[in-house]
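There are 2 protein chains.
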Amino acid sequence: MKRVEFSFVYQDKNSSARLGRLKRGNYEIETPSFFPVATQATVKSLSPQELSECGVEGILTNAYHLYLRPGVDIIRHLGGIHKFMHYFGLIITDSGGYQIFSLEGLRRSEDGGVSFTSHIDGSLHFLTPEKVIEIQEAIDSDIWVHLDECLKYPVLFSRARSSLQRTLEWARRSWSKFQRLKETKQMGQMLLGVIQGATYPDLRKQAVEEMLKIGFRHFSLGGLSVGEPFDLRYNIVSKTIAELPSSSLRYLMGVGKPADILEAVECGIDLFDCILPTRLGRSGTAFTSKGRLIIRDARFRRDESPVDRNCSCFVCQNFSRAYLRHLINAQEILAARLLSYHNVFWYENFMSNMREAIKNDSFIKFKKEFLDEYHNQV
Amino acid sequence: MKRVEFSFVYQDKNSSARLGRLKRGNYEIETPSFFPVATQATVKSLSPQELSECGVEGILTNAYHLYLRPGVDIIRHLGGIHKFMHYFGLIITDSGGYQIFSLEGLRRSEDGGVSFTSHIDGSLHFLTPEKVIEIQEAIDSDIWVHLDECLKYPVLFSRARSSLQRTLEWARRSWSKFQRLKETKQMGQMLLGVIQGATYPDLRKQAVEEMLKIGFRHFSLGGLSVGEPFDLRYNIVSKTIAELPSSSLRYLMGVGKPADILEAVECGIDLFDCILPTRLGRSGTAFTSKGRLIIRDARFRRDESPVDRNCSCFVCQNFSRAYLRHLINAQEILAARLLSYHNVFWYENFMSNMREAIKNDSFIKFKKEFLDEYHNQV
Numbered sequence: 004m005k006r007v008e009f010s011f012v013y014q015d016k017n018s019s020a021r022l023g024r025l026k027r028g029n030y031e032i033e034t035p036s037f038f039p040v041a042t043q044a045t046v047k048s049l050s051p052q053e054l055s056e057c058g059v060e061g062i063l064t065n066a067y068h069l070y071l072r073p074g075v076d077i078i079r080h081l082g083g084i085h086k087f088m089h090y091f092g093l094i095i096t097d098s099g100g101y102q103i104f105s106l107e108g109l110r111r112s113e114d115g116g117v118s119f120t121s122h123i124d125g126s127l128h129f130l131t132p133e134k135v136i137e138i139q140e141a142i143d144s145d146i147w148v149h150l151d152e153c154l155k156y157p158v159l160f161s162r163a164r165s166s167l168q169r170t171l172e173w174a175r176r177s178w179s180k181f182q183r184l185k186e187t188k189q190m191g192q193m194l195l196g197v198i199q200g201a202t203y204p205d206l207r208k209q210a211v212e213e214m215l216k217i218g219f220r221h222f223s224l225g226g227l228s229v230g231e232p233f234d235l236r237y238n239i240v241s242k243t244i245a246e247l248p249s250s251s252l253r254y255l256m257g258v259g260k261p262a263d264i265l266e267a268v269e270c271g272i273d274l275f276d277c278i279l280p281t282r283l284g285r286s287g288t289a290f291t292s293k294g295r296l297i298i299r300d301a302r303f304r305r306d307e308s309p310v311d312r313n314c315s316c317f318v319c320q321n322f323s324r325a326y327l328r329h330l331i332n333a334q335e336i337l338a339a340r341l342l343s344y345h346n347v348f349w350y351e352n353f354m355s356n357m358r359e360a361i362k363n364d365s366f367i368k369f370k371k372e373f374l375d376e377y378h379n380q381v
Numbered sequence: 004m005k006r007v008e009f010s011f012v013y014q015d016k017n018s019s020a021r022l023g024r025l026k027r028g029n030y031e032i033e034t035p036s037f038f039p040v041a042t043q044a045t046v047k048s049l050s051p052q053e054l055s056e057c058g059v060e061g062i063l064t065n066a067y068h069l070y071l072r073p074g075v076d077i078i079r080h081l082g083g084i085h086k087f088m089h090y091f092g093l094i095i096t097d098s099g100g101y102q103i104f105s106l107e108g109l110r111r112s113e114d115g116g117v118s119f120t121s122h123i124d125g126s127l128h129f130l131t132p133e134k135v136i137e138i139q140e141a142i143d144s145d146i147w148v149h150l151d152e153c154l155k156y157p158v159l160f161s162r163a164r165s166s167l168q169r170t171l172e173w174a175r176r177s178w179s180k181f182q183r184l185k186e187t188k189q190m191g192q193m194l195l196g197v198i199q200g201a202t203y204p205d206l207r208k209q210a211v212e213e214m215l216k217i218g219f220r221h222f223s224l225g226g227l228s229v230g231e232p233f234d235l236r237y238n239i240v241s242k243t244i245a246e247l248p249s250s251s252l253r254y255l256m257g258v259g260k261p262a263d264i265l266e267a268v269e270c271g272i273d274l275f276d277c278i279l280p281t282r283l284g285r286s287g288t289a290f291t292s293k294g295r296l297i298i299r300d301a302r303f304r305r306d307e308s309p310v311d312r313n314c315s316c317f318v319c320q321n322f323s324r325a326y327l328r329h330l331i332n333a334q335e336i337l338a339a340r341l342l343s344y345h346n347v348f349w350y351e352n353f354m355s356n357m358r359e360a361i362k363n364d365s366f367i368k369f370k371k372e373f374l375d376e377y378h379n380q381v
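In the order they appear, the protein sequences are chains Z and W.
Okay, so the first sequence: first residue is 4 according to this note's numbering, each after it adds one.
Okay, so the second sequence: first residue is 4 according to this note's numbering, each after it adds one.
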């Protein structure tokens with residue numbers, strides 16, 4: 004496996020927005036970048052070839068989901084996740100901590116790890132931090148995330164503090180397992196450290212210090228976008244980033260809406276993933292430069308225009324809103340496909356324009372103009 | 004609209020299998036040909052571009068379905084069915100007679116036409132033969148089918164005879180409406196006559212004679228594949244074809260399985276449509292040279308090989324049975340897409356091989372060899 008590396012490239016002169024480079028061997032991508040979600044080893048409704056057409060350079064899949072189905076022995080047997088999916092861009096695996104901690108009443112967290120009941124067949128499982136590293140080694144993704152404890156918002160300081168201690172302990176064990184694997188195998192993967200600490204700046208600061216001491220150099224910001232207000236979220240993001248070295252990759256997991264991404268990039272975030280473009284695509288909603296359009300609406304029944312006049316994607320070049328609305332109404336799979344395609348293309352184009360703005364030190368102007376046209380939709 | 008024409012080209016020296024040419028202006032296709040079904044203005048799960056990749060040269064859509072949803076005024080407003088779907092191969096519209104007559108208890112047939120309750124919203128409708136022609140004119144498909152009365156198998160001779168009289172009367176009114184439209188508009192469409200008569204050779208013979216008298220020159224064989232035994236079906240097909248001029252296009256609607264297609268081509272059928280490749284694709288079954296494979300089966304969970312080693316389609320070049328099985332199991336849309344794609348490609352390749360065999364006067368040999376390898380699956 005070729006070495007996965009991140010480097011900081013350029014800082015916008017008028018904000019904390021920045022350009023970076025994420026690479027695996029000769030495969031290089033520019034950040035800020037948006038990765039669509041492929042929970043079950045497929046970006047829902049899209050083929051790997053279409054992802055490339057849309058400008059996608061990496062995706063996020065889920066260790067927990069793949070561990071349960073199809074099982075990691077199968078993915079290993081098939082030659083790893085890239086070959087299994089026939090997708091050769093960057094692949095991050097989320098540990099699945101978030102999914103496990105959503106299984107309210109079906110899981111129990113203890114110091115050793117977390118036990119839970121499968122959402123698929125009710126079977127019982129026990130995952131330790133070490134096991135989660137082994138799972139990702141079998142999956143053979145490029146960028147790994149260790150097991151952490153995920154909290155909801157709001158949460159008491161004392162609860163957040165004790166949970167952080169557990170996450171830090173799990174991070175330590177994960178790092179140590181990761182290093183042992185590296186010693187025995189030729190491995191170039193990157194293991195991200197998850198910064199927890201809820202909405203408490205002191206805890207976030209402590210988390211960063213401890214994680215750096217353990218040895219982590221690249222990070223994801225966890226425990227955000229779990230119900231907290233917009234301003235509080237970016238207050239925490241910005242304070243956490245202030246503690247991180249500029250050479251660190253900063254990944255804001257599960258975010259988000261276009262306005263969220265702009266705000267986070269302004270704080271200095273490099274990487275995003277979100278189900279939004281595909282989930283909304285499947286339900287008949289399209290992203291456009293003028294805000295979201297619910298193509299299912301009756302007002303589009305005779306509309307000959309494309310989803311977004313300013314979009315150069317395959318869908319906007321070939322199909323009308325009226326046809327897409329008909330497909331949605333008739334519950335045709337092609338509706339989900341075409342709107343997911345457009346939405347993913349739209350997101351990648353949005354990111355590309357943002358990177359261009361950073362290069363020109365005009366991120367703030369870009370953000371304002373985008374939001375003005377987007378009707379400040381959040 | 005450019006003129007749609009059929010011509011008989013070549014007869015296999017050892018059977019009634021034959022080559023023909025179906026054209027619309029400069030767009031020419033060779034028969035025997037298989038058209039996938041696009042009931043609601045989409046071949047389920049596939050894009051028009053993928054249809055071309057699969058070798059599809061024409062599709063069948065449904066006047067009844069499109070009349071109910073999205074409504075033919077919308078299709079006319081959007082520039083006709085080709086532009087609406089962004090599909091520029093040949094498009095046949097089935098009248099929807101078959102669908103209406105399946106609405107047991109929800110429809111009433113009388114001499115004037117047929118009244119029925121919409122399967123979508125319960126609204127009441129009355130369709131006459133003339134109205135069905137007008138609907139197809141609004142849809143602007145290339146090849147039309149008139150309203151007919153469809154019977155199940157088995158049916159008494161007296162019932163089949165009186166039903167045939169009604170179909171002949173409706174055919175007469177349809178033809179006359181079609182001619183009146185042609186006089187007032189520049190229209191190149193072809194109207195097919197539907198030959199009914201159940202499993203009674205005398206009625207089939209009478210049907211052909213009357214339809215030729217009315218003026219029809221190209222035909223679809225209706226009222227077959229409705230539950231009758233295989234041998235009886237091809238006995239009727241073969242006797243009916245014997246009555247038709249060799250210059251006539253012969254379309255066997257709704258057929259079928261590979262063994263059915265071989266039998267029908269041997270009788271001299273030129274055109275087919277069937278939901279099978281896409282319906283089975285969506286449920287996780289693949290066509291291969293060695294018979295159908297239920298990819299959902301647990302035995303494929305670790306299988307690295309493609310669906311069909313002898314297939315050169317995009318799916319067989321890039322994905323394993325194990326990955327497809329995982330997608331089916333996880334109920335992912337991509338499973339439906341990839342298996343529908345493979346199946347449609349496989350059908351078109353099957354037809355292409357068949358045409359090649361007819362050119363070499365070796366259809367009978369081709370049929371035997373195919374069925375031997377296909378394990379005589381019907």
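Here a beta-carbon is modelled for each residue, glycine too, at the ideal position from N, C-alpha and C.
These numbers come from a predicted model, not from an experiment.
Exercise for review: Taking residue 304 of chain Z as the query, report the chain W residues whose CB atoms sit under 7 Å from its CB, ordered along the chain.
Suggested key: Near residue 304 of chain Z (Cβ distances below 7 Å), the residues of chain W are 73 and 77.
Exercise for review: Report the rounded CA-to-CA distance for residue 143 of chain Z versus residue 329 of chain W, giving the unit in angstroms.
Suggested key: Using only the alpha carbons, I get a separation of about 17 Å.
Point to revise | Contact check, residue 223 of chain Z vs residue 197 of chain Z, beta carbons under 8 Å | key: Result yes, Cβ atoms of residue 223 of chain Z and residue 197 of chain Z sit closer than 8 Å.
Point to revise | Straight-line Cα distance separating residue 288 of chain Z from residue 381 of chain W | key: Interpretation of residue 381 of chain W is limited by its pLDDT of 47, a score under 50 that renders its predicted location unreliable; the figure taken from the coordinates is listed afterwards. It is roughly 43 Å from the alpha-carbon of residue 381 of chain W to the alpha-carbon of residue 288 of chain Z.
Review point. Shorter than 8 Å from the beta carbon of residue 326 of chain W to some beta carbon of chain Z?
Key: The Cβ of residue 326 of chain W sits closer than 8 Å to at least one Cβ of chain Z.
**Study point:** Top-ranked residue by Cα proximity to residue 32 of chain W, from W:43, W:58, W:14 and W:42
**Key:** Considering only alpha carbons, the answer is W:58.
**Study point:** Cβ-Cβ distance between residue 146 of chain Z and residue 193 of chain Z below 8 Å
**Key:** Yes; because the gap between Cβ atoms is below 8 Å, this pair is in contact.
Point to revise | Interfacial residues, the stretch 334-350 of chain W to chain Z, with Cβ spacing under 8 Å | key: Under the 8 Å Cβ criterion, the stretch 334-350 of chain W contributes 335, 336, 337, 339, 340 and 341.
Point to revise | Distance between residue 295 of chain W and residue 374 of chain Z (C-alpha atoms, nearest Å) | key: Rounded to whole angstroms, the separation of the alpha carbons of residue 295 of chain W and residue 374 of chain Z is 53 Å.
Exercise for review: To the nearest angstrom, report how far apart residue 203 of chain W and residue 239 of chain W are at their CA atoms.
Suggested key: Going by the C-alpha atoms only, they are around 8 Å apart.
Review point. Between residue 129 of chain W and residue 177 of chain W, what straight-line distance do the alpha-carbon atoms span, to the nearest angstrom?
Key: Straight across, the Cα-Cα distance linking residue 129 of chain W with residue 177 of chain W is about 16 Å.
Practice item. Tell me, please, whether the CB atom of residue 88 of chain W is closer than 8 Å to any CB atom in chain Z? Key: Taking Cβ atoms only, chain Z reaches closer than 8 Å to residue 88 of chain W, which makes this a yes.
Check your understanding: In or out: residue 71 of chain Z buried (at least 16 other Cβ within 10 Å) or exposed?
Key -> Taking all protein chains shown into account, residue 71 of chain Z has 16 or more neighbouring C-beta atoms within 10 Å of its C-beta and is therefore buried.
Review point. Tell me which same chain residues have a C-beta within less than 8 Å of the C-beta of residue 54 of chain W, skipping the five on either side of it?
Key: Correct list, in chain order: 39, 46, 62, 90, 92 and 347.
Review point. Just to confirm, are residue 269 of chain Z and residue 20 of chain Z a CB contact at a threshold of 8 Å?
Key: Their beta carbons are under 8 Å apart, which means residue 269 of chain Z touches residue 20 of chain Z by this criterion.
Point to revise | DSSP-derived helix/strand/coil call for residue 149 of chain W | key: DSSP, read as helix, strand or coil, puts residue 149 of chain W in coil.
Point to revise | For residue 369 of chain W, the first and last residue of its enclosing alpha helix (DSSP H) | key: Its alpha helix (DSSP H) spans residues 366-376.
**Study point:** Per DSSP, cross-strand counterpart(s) of residue 277 of chain Z
**Key:** Note: residue 277 of chain Z sits in a beta bridge opposite Z:39.
Review point. Using CA coordinates, which residue listed in Z:44, Z:252, Z:188 and Z:308 is at the minimum distance from residue 35 of chain Z?
Key: Measuring C-alpha to C-alpha distances from residue 35 of chain Z to each of Z:44, Z:252, Z:188 and Z:308 identifies Z:252 as the nearest.
Review point. Are residue 191 of chain W and residue 318 of chain W close, meaning C-beta to C-beta below 8 Å?
Key: It is not a contact, given that the beta carbons lie outside the stated cut-off.
Practice item. Quick one: grab the DSSP three-state call for residue 114 of chain W. Key: In the structure shown, residue 114 of chain W sits in coil (DSSP, three-state: anything other than H, G, I, E or B).
Point to revise | Contact list for residue 45 of chain W against chain Z, beta-carbon separation under 7 Å | key: Under the 7 Å cutoff, chain Z gives 330, 335 and 337.
Point to revise | residue 195 of chain W versus residue 321 of chain Z - alpha carbon distance | key: Those two C-alpha atoms are separated by around 31 Å.
Practice item. Could you pull out every residue in the same chain whose Cβ sits closer than 8 Å to the Cβ of residue 235 of chain W, ignoring the five residues on either side in sequence? Key: These residues qualify, in order along the chain: 202.
**Study point:** Chain-ordered residues of the stretch 288-316 of chain Z with a beta carbon less than 8 Å from chain W
**Key:** Those would be 304, 305 and 307, in chain order.
Check your understanding: What's the C-alpha gap between residue 83 of chain W and residue 315 of chain Z?
Key -> Approximately 24 Å between the Cα atoms of the pair.
Check your understanding: Taking the C-alpha atoms as reference points, what is the distance between residue 306 of chain W and residue 131 of chain Z?
Key -> Distance between the alpha carbons of residue 306 of chain W and residue 131 of chain Z is about 30 Å.
**Study point:** Best match in W:286, W:245 and W:277 for proximity to residue 271 of chain W [C-alpha to C-alpha]
**Key:** Taking only the C-alpha atoms, the option nearest residue 271 of chain W is W:245.
Check your understanding: Across which residues does DSSP place residue 13 of chain Z in a beta bridge pair?
Key -> Answer is Z:22.
Point to revise | Buried versus exposed, by CB contacts within 10 Å (16 or more), residue 9 of chain W | key: By the 10 Å Cβ count, residue 9 of chain W comes out buried.
Review point. Interface residues of chain Z around residue 322 of chain W at Cβ under 7 Å?
Key: Among the residues of chain Z, those whose CB is under 7 Å from the CB of residue 322 of chain W are 89, following chain order.
Review point. When you compare only the Cα positions, how much space is there between residue 85 of chain Z and residue 309 of chain W?
Key: Computed Cα separation, rounded: 16 Å.
Check your understanding: Got a sec, what are the start and stop residues for the beta strand (DSSP E) residue 193 of chain Z sits in?
Key -> It spans 193-198 - the beta strand (DSSP E) in which residue 193 of chain Z sits, taken as one unbroken run.
Review point. Under a three-way DSSP split, which group does residue 294 of chain Z fall into?
Key: In the structure shown, residue 294 of chain Z adopts extended strand secondary structure according to DSSP, grouped into three states.
Exercise for review: Please state whether DSSP places residue 29 of chain W in a helix, a strand or coil.
Suggested key: The answer is coil: DSSP assigns residue 29 of chain W none of H, G, I, E or B.
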